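Sequences listed follow chains A and B, in order. Sequential numbering from 1 applies to the first sequence in our numbering. Sequential numbering from 196 applies to the second sequence in our numbering.
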Amino acid sequence: MRVVVVVAHPDPDSFNHAIASTATASLAKAGHQVSLLDLYGEGFRVQMSNAEWRAYHSDRPLLDPMAERHAEIVKQAEALIFVYPTWWSTMPAILKGWLERVMVPGVGFVLDEKHRVRRGLTQVRRIVGISTYGSPRLYVRAIHDNGRRTLLRALRLNTAVLTHRSWMGLYKVDSCTAAKRAAFLKRVERKMQSL
Amino acid sequence: MKVYVVYCHPDADSFTAAIRRRTIEAFEASGQEVRISDLYAEDFEPAMTMQEEANHLAPKHQPEIVGYCDSLRWCDTLVFIYPTWWSAQPAMMTGWLDRVFVRGVAWDLPEGATRITARLTNVRRLVIITSHGSSKLINLAEGETGRRVIGRAVRVLCHRFARTTWLAMYNLDRSSQSEREAFLDRVEQRIRRLSSPPQEISAGRKW
């Protein structure tokens, strides 16, 4: 399977990056074709520019070469894996900006002749989200896990009808022991091998 | 009322810009003090840096966010105006929340505590004004995450009895001129009603 791993954390030595490299290594070991997109590492621009906004509904909405390259990779993907820390109940701005600037009409979705949104990522059959949270699980569920909603609902509406979606969360990460983190990485490894 | 408007749209000729004009006019017409941050025009940098992330428990406030922090502590009404993209705020506004809601401004962590405490207790009303390209049904299926980010995650940092006002335009991509005008009128009426002092309302009652 062709898999894309998207990671959004400013610190390359962070636990989120450890998750991403564990995931990438286990996927490669299981025989999948993996592309890793490190948004901070590549210096991906967060905000949609005015020119991009004006070109959004044109024939060529992708103006930035980096966004265009990412779009080419996403068009080939059969599984999308997101790794990010949850901030203010949602994903970091850079990942939200990636959705806005890469998942443009013709990539993330298509517009029919009545200007209605139709599925664009029909080759994607799996979405996996992996996130770290400062809060305990119960609190996250009560306040609403908005990053999870965006990926497993809004993005999910644009992928194949029978897309399988799954979520892995490491809660209370600030006070989490090294053993718990190691156990979480093991879980990630198992998950990726059975993808 | 002290009103702080956070506005986010890349284009000055957009419908969101029209919403902003009507909102500010309505607040000012009723004599409220208004401050506004136009994130695109001010060239706000939305990516949280590695240093900021590493020091989030003992933040050294970057000079470019001090003004925003000051307005946040000053206001009693916090207004967000933005287009809904992928069911939530534009990344620019998400990044504004990531970087400006720092310790000592939006929240605190007292010695020995395991949970953060709210610090934006000066904010008694949140107003969200947004537009959606697609229908309400699609947005409900998508989970309306933008509404939840402000109505819940930001709301818990405000005053305990802070109220939320939600004004949303749906189906913008297929709307007619008159529908858009009607929405702007609705925004204006709602803002005027929010700004009218409470004694005016009680004066109308006969008992």
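Note that the Cβ used here is the ideal one computed from N, Cα and C, for glycine as well. Since the structure is predicted, the reported quantities are computational estimates derived from the model, not experimental observations.
Problem set entry | Residues that DSSP places opposite B/Glu-228 in a beta bridge | In the second sequence, the residue the question calls residue 228 of chain B occupies position 33. Answer by DSSP bridge pairing, in chain order: B/Lys-197.
Problem set entry | Between the CA atoms of A/Asp-13 and A/Val-5 - distance to the nearest angstrom | Counted from its first residue, the first sequence places residue 5 of chain A at position 5. Counted from its first residue, the first sequence places residue 13 of chain A at position 13. Cα to Cα, A/Val-5 sits roughly 17 Å from A/Asp-13.
For this session: Please check if any C-beta of chain B sits within less than 9 Å of the C-beta of A/Arg-54.
Result: Position 54 of the first sequence, counted from the start, is the residue given in the question as residue 54 of chain A. So yes, A/Arg-54 belongs to the interface.
For this session: Can you grab the Cα-Cα spacing for the pair B/Leu-315 / B/Ser-266, in whole Å?
Result: By 1-based counting over the second sequence, the position of residue 315 of chain B is 120. By 1-based counting over the second sequence, the position of residue 266 of chain B is 71. Their Cα atoms are separated by approximately 11 Å.
Exercise. Can you tell me the Cα-Cα spacing of A/Ser-58 and B/Leu-304, whole angstroms?
Worked result: Your numbering for residue 58 of chain A matches position 58 in the first sequence. Your numbering for residue 304 of chain B matches position 109 in the second sequence. Roughly 48 Å between the two C-alpha positions.
Exercise. Tell me which same chain residues have a C-beta within less than 7 Å of the C-beta of B/Pro-278, skipping the five on either side of it?
Worked result: Here residue 278 of chain B corresponds to residue number 83 of the second sequence, with the count starting at 1. So the qualifying residues of the chain are His-204, Thr-211, Pro-285, Thr-325, Ser-326.
For this session: For A/Ala-30, I'd like the list of residues in its chain whose CB is within less than 6 Å of its CB, leaving aside the five on either flank, ordered along the chain.
Result: Stepping through the first sequence from its first residue, residue 30 of chain A is reached at position 30. Excluding residues within five positions, the ones whose Cβ falls inside 6 Å are Gln-193.
Exercise. Using a beta-carbon distance cut-off of less than 7 Å, what residues from the segment 358–374 of chain B approach chain A?
Worked result: Asp-368, Arg-369
Problem set entry | Proximity winner among B/Asn-317, B/Ala-363, B/Trp-269, relative to B/Leu-335 (alpha-carbon distances) | The sequence position of residue 335 of chain B within the second sequence is 140, counting from 1. Of B/Asn-317, B/Ala-363, B/Trp-269, the residue nearest in Cα terms is B/Ala-363.
Problem set entry | For A/Met-103, three-class secondary structure by DSSP | Sequence index remark: in the first sequence, residue 103 of chain A carries index 103 (1-based). A/Met-103: coil per DSSP, three-state reduction.
Problem set entry | Cβ-based contacts, 7 Å cut-off: residues of the segment 243–271 of chain B near chain A | Met-243, Thr-244, Met-245, Glu-248, Ala-249
Exercise. Shorter than 9 Å from the beta carbon of A/Ile-143 to some beta carbon of chain B?
Worked result: One-based indexing of the first sequence puts residue 143 of chain A at position 143. Output row for A/Ile-143: interface = yes.
Exercise. Could one say the Cβ of B/Ser-209 lies closer than 9 Å to chain A's Cβ atoms, at least one of them?
Worked result: What you label residue 209 of chain B is simply residue 14 of the second sequence in a count that begins at 1. With 9 Å as the cut-off, B/Ser-209 counts as an interface residue toward chain A.
Exercise. So what does DSSP say about A/Thr-163, is it helix, strand or coil?
Worked result: As a first step, residue 163 of chain A is located in the first sequence; it is residue number 163 there, counting from the start. Note: A/Thr-163 maps to coil in three-state DSSP.
Exercise. Under the three-state reduction of DSSP, which class applies to A/Trp-88: helix, strand or coil?
Worked result: Within the first sequence, residue 88 of chain A is the residue found at index 88, counting from 1. Correct three-state label for A/Trp-88: coil.
Exercise. In the structure shown, what three-state DSSP assignment does B/Tyr-365 receive?
Worked result: As a working note, residue 365 of chain B is residue 170 in the second sequence. B/Tyr-365 falls in the coil class under three-state DSSP.
For this session: Determine the burial state of B/Asp-380: buried for a count of at least 16 other Cβ atoms within 10 Å of its Cβ, exposed for fewer.
Result: As a working mapping, residue 380 of chain B is identified with position 185 in the second sequence. Exposed, by the Cβ-count rule.
Problem set entry | Unbroken alpha helix (DSSP H) run spanning A/Val-140, endpoints | Translated into positions along the first sequence, residue 140 of chain A becomes position 140. Counting along the chain, the alpha helix (DSSP H) containing A/Val-140 begins and ends at 137–143.
For this session: Determine the DSSP secondary structure at B/Phe-239, reduced to helix, strand or coil.
Result: For the purposes of this step, residue 239 of chain B is taken as the residue at position 44 of the second sequence. B/Phe-239: coil per DSSP, three-state reduction.
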